[in-house]
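Sequences listed follow chains A and B, in order.
If you read the first sequence in my numbering, its first letter stands for residue 9, the second for the next number, and so on.
If you read the second sequence in my numbering, its first letter stands for residue 182, the second for the next number, and so on.
Heads up, the thing below is written out as C-alpha cells.
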Amino acid sequence: MDEQIIRSTDNDALSCRYSLTLNTYITDPYLPHILTGFQKFLKYETTAPRRALGALTKPKLPVINRGSFIRIRSIDIIIKRFIDQFKESSKDGIRILNLGAGSDTRAFDILTLNKEKVEVIEVDFPDSVKFKKATILDNQFLSNVIGYPFDNEAHRSDEKFYHGLDHTELKTERYRLVPMDLRETDKLKSFLSELSVKPTLIISECMLCYLNTLESEALLTTLHENIKQGVLAIYDPLGGEGGFGHVMIDNLRLRNLPLTTLLEFNTLKKYHTRLQSIGFNKVEIDHMYNILNHWLPQDEIRRISRIEFLDEIEELKLLLEHYCLSLSTWGITFDHGLRFNDSV
Amino acid sequence: MFDVDHSISLLKQCKQLPESHVYEICSKVQELLINEPNVVSLDTPVTICGDIHGQLHDLLTLFSTIGEMPYKKYLFLGDFVDRGFYSLESLLLLLCFKIRYPDRITLIRGNHESRQITTVYGFYDECLRKYGSANVWRYCCEVFDYLCLGASINGAIFCVHGGLSPDLLNINQINIIDRKQEVPHEGAMCDLLWSDPDDVANWGVSPRGAGYLFGANEVDKFLHVNGLSLIARAHQLVMEGYKELFDGKLVTVWSAPNYCYRCGNVAAALTIDDDLTRDYTVFETSLQDVNNVPSKKPTVDYFL
Ligand SMILES: C[S@@+](CC[C@H](N)C(=O)[O-])C[C@H]1O[C@@H](n2cnc3c(N)ncnc32)[C@H](O)[C@@H]1O
Chain A
9 MDEQIIRSTD NDALSCRYSL TLNTYITDPY LPHILTGFQK FLKYETTAPR RALGALTKPK
69 LPVINRGSFI RIRSIDIIIK RFIDQFKESS KDGIRILNLG AGSDTRAFDI LTLNKEKVEV
129 IEVDFPDSVK FKKATILDNQ FLSNVIGYPF DNEAHRSDEK FYHGLDHTEL KTERYRLVPM
189 DLRETDKLKS FLSELSVKPT LIISECMLCY LNTLESEALL TTLHENIKQG VLAIYDPLGG
249 EGGFGHVMID NLRLRNLPLT TLLEFNTLKK YHTRLQSIGF NKVEIDHMYN ILNHWLPQDE
309 IRRISRIEFL DEIEELKLLL EHYCLSLSTW GITFDHGLRF NDSV
Chain B
182 MFDVDHSISL LKQCKQLPES HVYEICSKVQ ELLINEPNVV SLDTPVTICG DIHGQLHDLL
242 TLFSTIGEMP YKKYLFLGDF VDRGFYSLES LLLLLCFKIR YPDRITLIRG NHESRQITTV
302 YGFYDECLRK YGSANVWRYC CEVFDYLCLG ASINGAIFCV HGGLSPDLLN INQINIIDRK
362 QEVPHEGAMC DLLWSDPDDV ANWGVSPRGA GYLFGANEVD KFLHVNGLSL IARAHQLVME
422 GYKELFDGKL VTVWSAPNYC YRCGNVAAAL TIDDDLTRDY TVFETSLQDV NNVPSKKPTV
482 DYFL
C-alpha cells in the first residue's frame, strides 16, 4: 500500500480535531502550534496534495464532530485512568506508547500534566516523524514542553531548515519521537527489547486498519511478546454486516485507501476473537455509540448535545456502531472501571 | 425566456439554471403556496415520499420506478435539501413540477427547509459555490417559509415531516398557526418538523435538541381525536426504507437510498390506494459509487 496515502489520513485526523476546537467541544492549547507547523512545512513535501492545506481548517458537520469528540474523549479517559492507577504505584513510573501518532497533541498534554514518572513514545513513518520533528524544533513552546533546548538562531529559512533535518529519532529525557514502519516487525522487536519493563499503555488510534491481516497479526504478536506489562487500546472502524462497510470501502477506494481487514473483523465478536487469538488473555470491547452513552457523565453529554443541532440521530448511531474501541490487558491488572459490552 | 418544461429537462440532466430563472421559479411557486392551508387535504391514490436530501439521481430513480407526473400524484414530506451533492437541483425540480402540475404534487416543509439549518448542512454552501452569491439561497428560503406543514389524505391519514407536539391535539389547531416564518426553535410548528416517535409513555426530551419524543399513547390520542387511522412521517433514517410502529398506526418513510453516500441503506415510497391499503416500493441507489457523480463534489467523511 502506498505509504504517502496512508500518511495523508493524519490530515483527516488533524482536521477533525481542529473542527472540535473551533466548535468548543474541546480545548487544545497545542493544536495551533501543530497547525502552524503544518501550514509552514506541508509545502516542502513534494507529494502533499495542494488542497490538503485548505481542507485542514474546514469545519466538519455536527455528526462528524460528535463522533470525533467521543473518539478523542474515550482515549483520553483511558489514559487518565491508566496514569492515575499506575504512576504512583509503579516504582519506575509508566510509559505511553502511541503507534501511528501522527499529529496527535496528547503527548504534549501528558508531559505538561506529569512532570515526572511518565514517559511518552510516539511512532510513525519516518516522513511523518520528520514533519512533526520540524514542527516541534521550530516552536519554542513545543520544544519546552518536551524538554528540548530551543535554538532560535538555527533556522532563519524555513525551507533550508526543513530540508536540512534528517529522519532520525527526536529524543529527550521523557519523550521520544521514533521513525519506524510498524510493518517491519524485526525493527519493532529490537526497539521494544531495549525498553525497560514498566506498565505500558499502547495506543493505536485508527492505525491498525491500514495494515493487512498478516501485518496486523505480526504487529500485535510482537507487542504481546515483547512488552511484559501492557494495556493495548485500539480504536478502529468495524465493517458491520450491512451495506455500511461495503460503501466505506468503495468510498475510500477513491482515495486509493484500501481497508483490507474491515470486512474480515467486521463485528465486535470477530474483532474480539482476533485479539484473543493473539494471546491477550483479557480483552474488552464495545462500539462507539455505546461508549458515547456509557462513558460520559450526563452533564457532559448535555453540554455537547447543546453545541450544535444534530439533524439525524440514526445516522450518528449508524456511524458510531461502525467504530470500536478495545482494551487488551496482560501482565498487569487495570482497574479502569469503564463499562464495555458484556454480550461479546 | 423561462420555460418550465425546458427547466425540468435541464434539471433532470443536473444542469445549472440561470439565476433569473431560479428567481422566477421561486416567485411562481410562492404564489401557489400562499393559497394552501397549513394542512392540505388530498385524495387517494397518492404516493408519499420521505427525505430526499439533495440526492437528485435517486429522486429521478424514484420517479422512474413509481411513475411520472401527471400520471401519478405525489406528496413529499420535506427535507429536499442539505447533505447531498445536488440540493439545489433536487429542490428546483420539485418546484418546477409544482408549477407544471400544481394538483399532482404537494410539498411539506421539513426541518431542513430553514435558513439556520441550511447554513450548517450544505445547501447554503452549495448555492454559494454554484452562483458565487447567496441570492439563490435567499430566493429558496423565501419559498421554504410558504411551504405547508402537513397533509391529510382522505381525512384518514395525517402526514407530517417529524411528528406530534404537546401543544397540538387537534388538526384544526395546526391550521391556525402563522406558518410564514423561519422555523422557530420551539413550539408547535417546530415540533411538527422535529419530533420523533419513541418508546416513551407520553412525551420525552429529544436528543436532537429540538422537538419531542412521543409515544404510542400520544399517537392513539391524536388518531382518536381526529378520526384518523395512520400517521405517515419521514425525518428518520430507516435502513429498510420504511418502518411501521405502534401496531401499524405510524409509519416512517425514508426516500434517500445510501444516505449521504455513506449509510448503505435502501429507500422507500408509500403509495396509498383508494381503499387505504399501503403499498411500499423499495428502491436502491442509482449511483453504484460516488465515482460516478458527474461533477465536482466534496469527499465523503469518515473518522480516519
Ligand atoms: C488516521 S492517522 C491517526 C493519527 C493519530 N493516531 C490520531 O488518531 O490522531 C494514522 C496514522 O498512522 C500512521 N501509520 C499507519 N500505518 C503505519 C505504519 N505501518 N507504520 C507507522 N505508522 C503508520 C500514519 O502515518 C498516520 O499518521
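Positions of the beta carbon are idealized from the N, C-alpha and C atoms, including for glycine.
Note that the coordinates shown come from a computational prediction; the quantities given were computed from them, not determined experimentally.
According to DSSP, residue pairing for B/Lys196 in a beta bridge does not occur.
In the three-state reduction of the DSSP assignment, B/Ile357 falls in the coil class. Counting only heavy atoms of ligand 1, the residues whose C-beta sits closer than 5 Å to one of them are, along the chain, A/Ile14, A/Arg15, A/Thr17, A/Asp18, A/Ala21, A/Gly108, A/Gly110, A/Asp112, A/Asp132, A/Phe133, A/Ser136, A/Asp189, A/Leu190, A/Arg191, A/Glu213, A/Cys214, A/Met215, A/Tyr218, B/Leu485. Chain A has a Cβ within less than 7 Å of the Cβ of B/Phe484.
Contact between B/Tyr327 and B/Ile206 is absent: CB atoms are separated by about 13 Å, not below the 8 Å threshold. Not one beta carbon of chain A lies nearer than 7 Å to the beta carbon of B/Gly422. Taking A/Phe94 as the centre and dropping the five residues before and after it, the same chain places the C-beta of Ile102, Pro207 closer than 7 Å to its C-beta, in chain order. For B/Val481, the neighbours in chain A by C-beta distance under 9 Å run, in chain order, Val255, Met256, Asn259, Leu260, Leu262. Of the other Cβ atoms in all chains shown, 16 or more fall within 10 Å of the Cβ of A/Lys141; this residue is therefore buried.
The beta-carbon of B/Pro388 is placed less than 7 Å from the nearest beta-carbon of chain A. Among the residues of the stretch 439-461 of chain B, those with a Cβ less than 9 Å away from any Cβ of chain A are Asn439, Tyr440, Cys441, Tyr442, Arg443, Cys444, Gly445, Asn446, Val447, in the order of the chain.
Between the stretch 173-189 of chain A and the stretch 205-224 of chain A there are fewer than three inter-stretch CB-CB distances shorter than 8 Å, so the stretches are not counted as touching. Residues of chain B whose Cβ lies closer than 9 Å to the Cβ of A/Cys24 are, in chain order, Asp482, Phe484, Leu485. In the structure shown, the three-state DSSP call for B/Glu425 is strand.
B/Tyr204 sits in a helix when the DSSP states are folded into three classes.
Between the alpha carbons of B/Arg414 and A/Pro245 lies a gap of roughly 32 Å. From the beta-carbon of B/Tyr302, the residues of chain A found nearer than 8 Å are Leu69, Asp319. Between A/Ser212 and A/Ile242, the C-beta spacing is below 7 Å.
At least one CB of chain A lies nearer than 7 Å to the CB of B/Gln417. By the beta-carbon neighbour count (other beta carbons within 10 angstroms, threshold 16), A/Leu267 is buried. When 7 Å is used as the limit between beta carbons, B/Ala391 is near these residues of chain A: Phe317, in chain order. Secondary structure note for A/Ile102: its beta strand (DSSP E) is the uninterrupted segment 102-107. No beta strand (DSSP E) of 3 residues or more sits fully in the stretch 22-62 of chain A. No Cβ of chain B is located within less than 7 Å of the beta carbon of A/Cys332. Chain B has no Cβ within less than 7 Å of the Cβ of A/Arg282.
Using beta-carbon distances, A/Phe90 does not count as an interface residue toward chain B, since no partner is under 7 Å. Taking a cut-off of 8 Å on C-beta distances, the stretch 335-354 of chain B touches the stretch 388-406 of chain B, as three or more cross pairs fall below it.
Annotation: B/Val221 to B/Asn407 spans about 15 Å, alpha carbon to alpha carbon. B/Ile357 sits exposed, since fewer than 16 C-beta atoms from the chains shown fall within 10 Å of its C-beta. In the DSSP assignment, the residues bridged to A/Trp338 are A/Gly238.
By the 16-neighbour rule on beta-carbons within 10 angstroms, B/Lys361 is exposed. Counting every other CB atom within 10 Å of its CB across the protein chains shown gives A/Asp92 a total below 16, marking it as exposed. In this structure, A/Leu227 and A/Thr193 form a Cβ contact; the two beta carbons are roughly 7 Å apart against a cut-off of 8 Å.
Within 10 angstroms of the beta-carbon of A/Arg74 lie 16 or more other beta-carbons, which makes it buried. Remark: C-beta atoms of A/His41 and A/Leu196 do not approach each other more closely than 7 Å. For the 7 Å CB-CB criterion, B/Tyr440 and B/Ala449 do not form a contact.
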